[in-house]
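In mature numbering (1 follows the signal peptide of the UniProt record, and there is no 0), the protein residues as written are -17 to -1, 1 to 702. Note that CB positions come from ideal geometry on N, CA and C, so glycine has one too. All remarks here apply to the structure that follows.
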């Protein structure tokens, strides 16, 4: 994407002071009050700016010249940054916790599957970024939108924790640009009818910055304007109080319109149009399931969509000024050089791509690949990186910058920031897990399917972005069990689903890294199989879960021929049925219970076999799930015998206490099974047991002809 500086009328207005009226009656932009305060802290400050629904692929960054000048030219733009769930509340919950949505279990905008009440119900109010920053000695401030279903009725049930001072936008007025309701600290909500929402956020942010600097301690300042989200008429939304109450969003209640600009920007961009990319209203349908059934958009519809696009650009102008005023104040306070500034959005947006009405919630690049800009100490100036990063990486990044410990349950990892880290990142970062549950909603007067339908039910999918040297792929499995695979090196618009019958001829000749699709697909599916239910470091190191000995760390390495049988026999990603939320029972096999693991270098005799032969070609090995360590793997077996009244391992003089649980008992010899991961005793039976799968011996690199006691020490610790 080419980033250029546009000369806008609004860019010329830069003054100190609150919102004022210019001599011609046009509202002047915002900058601060100008108090001179110097922080005594040497620890870095963090400013985090979070817009709402801002796109990367419709060139929104080209229309905000002050952000280009003061952030992009002075920092680094991350072109391969992704949200992991393409809708507001689940994405924000993942961002602030460092966890994927299947681990936060905040998967919707409203109860029973999402929203602020579910965030609290699931224990995240005590476990998210501001709480951890306060524990690290930081003061924390926030203004703007936090979560959906955070309302004038439930804001104090309980208050959001972790903030020294806050001023939150509240539903039902969150998206009403000229009728915002804010709630400060422990005070009651205050409505601001007739005032422009982004300007209010700017003034509140400048005030918090003054307070933070005056306190003389390192600080975090979160700033979250609603632009360029659609305007939503606040008078028709229903109250949400608790986690068990749903919010009806029906066609006659959910009213959206173009994003609204500040009065001073209403004259701008009247000729701007949605970029006519190859996937803009294509002649041939693309995608899967309901997306593939969308009709070609009419000229009337396209004209409407262009006006929506213009409204988005105009709404971003006040954000542009907000950032400019913020950096002026950081400079005036003398702390700019010790401050990291993050600029991103919760999710992307589409307008007319794939014949879609304005909206988000899809797994395509317009919705998931989003802006991320970082400026701060050690961050290259004017940098543009292809490093693969995701929202779940941002909390670990911030905590690492402030010197706070990283939690073991983070699904993400710190992003590369310095020249050295960015140069090394292609070797360490490859994938992003993408997931979504429930509805797709159009933010237009036009409906789906060429009629008035404003919602689609079965928009549930699990997906994967994999980017490396020589490959750039998107793979998805829908709850209807339709599959998608796009080679985005040759098909950046995601128009040719290589797994659809219509593309059979193209797929037959397609190769990835020189291999045919039939060889690559099981690897991608196995990677998604791990990621769709991963936790902690498994999410950032999924290949290690499949190859614990560390012999595979990328798709290219996984394509080695010796792994063909392993990946061919791995369980497949599938859904049993579509659900509106994360219901594990609907999501088919889970890697933790049903997955196979490749143990390079492990000896065949370490794996218990149903048909034991000591030849060079044993037939099967049992894969089971250990109740102690929760890992999948094959148990190893050992024989114990009695000698002088003590239990001993055959061919090993270490003594063991008698176990009560065992498979066979013949005289003085007992045959027992142990988990090959942790060494704990495993109860086995002669019949198949839950989680058992038969795997061919060819999956393993070594097939010895005699029993090994290499895991004796693991077993001994359980004596």
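- With a 10 Å radius around the Cβ and a threshold of 16 neighbouring Cβ atoms, residue 364 comes out exposed.
- When DSSP states are grouped into helix, strand and coil, residue 62 belongs to the strand group.
- Sorting 571, 389 and 37 by C-alpha distance to the C-alpha of residue 461 places 571 at the top.
- In the structure shown, residue 92 adopts coil according to DSSP, grouped into three states.
- Of all alpha-carbon atoms in 481, 368, 69 and 378, the one lying nearest the alpha-carbon of residue 30 is that of 378.
- Between the stretch 372 to 389 and the stretch 59 to 71, the count of Cβ pairs shorter than 8 Å is three or higher; the stretches touch.
- With contacts defined as CB atoms closer than 7 Å, residue 356 and residue 58 qualify as a contacting pair.
- Going by C-alpha positions, residue 545 is about 24 Å away from residue 573.
- Distances from the alpha-carbon of residue 216 to those of 160, 247 and 258 put 160 closest.
- Where residue 418 is concerned, the enclosing beta strand (DSSP E) starts and stops at 414 to 419.
- Residue state for residue 248 is assigned as helix, using DSSP reduced to three classes.
- By the neighbour-count criterion, in which 16 or more other beta carbons inside 10 Å mark a residue as buried, residue 163 falls on the buried side.
- The C-beta distance from residue 47 to residue 303 rounds to 4 Å, short enough to fall under 8 Å.
- DSSP places residue 283 in no beta strand (DSSP E) but in the uninterrupted alpha helix (DSSP H) bounded by 282 to 315.
- For residue 455, the secondary structure class from DSSP, reduced to helix, strand or coil, is strand.
- According to the DSSP assignment, residue 351 belongs to the alpha helix (DSSP H) that extends over 348 to 351.
- Considering only 310, 339 and 243, the residue with the shortest C-alpha distance to residue 264 is 339.
- Annotation for residue 190: the continuous alpha helix (DSSP H) segment containing it runs 180 to 198.
- At a Cβ-Cβ threshold of 7 Å, residue 192 and residue 358 do not count as neighbours.
- Pairing residue 329 with residue 91 gives a Cβ-Cβ distance that is not under 7 Å.
- Just so you know, the alpha carbons of residue 211 and residue 534 end up roughly 45 Å apart.
- Note on the stretch 361 to 389: whole beta strand (DSSP E) runs with a minimum of 3 residues are 366 to 373, in chain order.
- In the structure shown, residue 474 adopts coil according to DSSP, grouped into three states.
- According to DSSP, residue 461 shares a beta bridge with 444.
- Among the bridge pairs identified by DSSP, residue 39 is matched with none.
- Checking the DSSP bridge columns, you'll see residue 326 partnered with 32 and 356.
- Shown here for residue 459: same chain residues with a beta carbon closer than 6 Å to its own, the five before and five after excluded, namely 346, 444, 446 and 467 in chain order.
- Straight-line spacing of the CA atoms in residue 341 and residue 72 works out to 18 Å.
- Residues of the same chain with a CB within less than 7 Å of the CB of residue 114, apart from the 5 flanking positions on each side, are 144 and 145 in chain order.
- Contact check for residue 380 against residue 405 fails: the beta carbons are separated by 7 Å or more.
- Beta bridge pairing from DSSP links residue 125 with 149 and 205.
- Distance from the CA atom of residue 186 to the CA atom of residue 246, rounded to whole angstroms, is 17 Å.
- Residue range 162 to 167 is occupied by the beta strand (DSSP E) that includes residue 164.
- A distance of 7 Å or more separates the beta carbons of residue 32 and residue 292.
- DSSP, read as helix, strand or coil, puts residue 429 in coil.
- In this structure, residue 131 sits near residue 98, with a CB-CB distance shorter than 7 Å.
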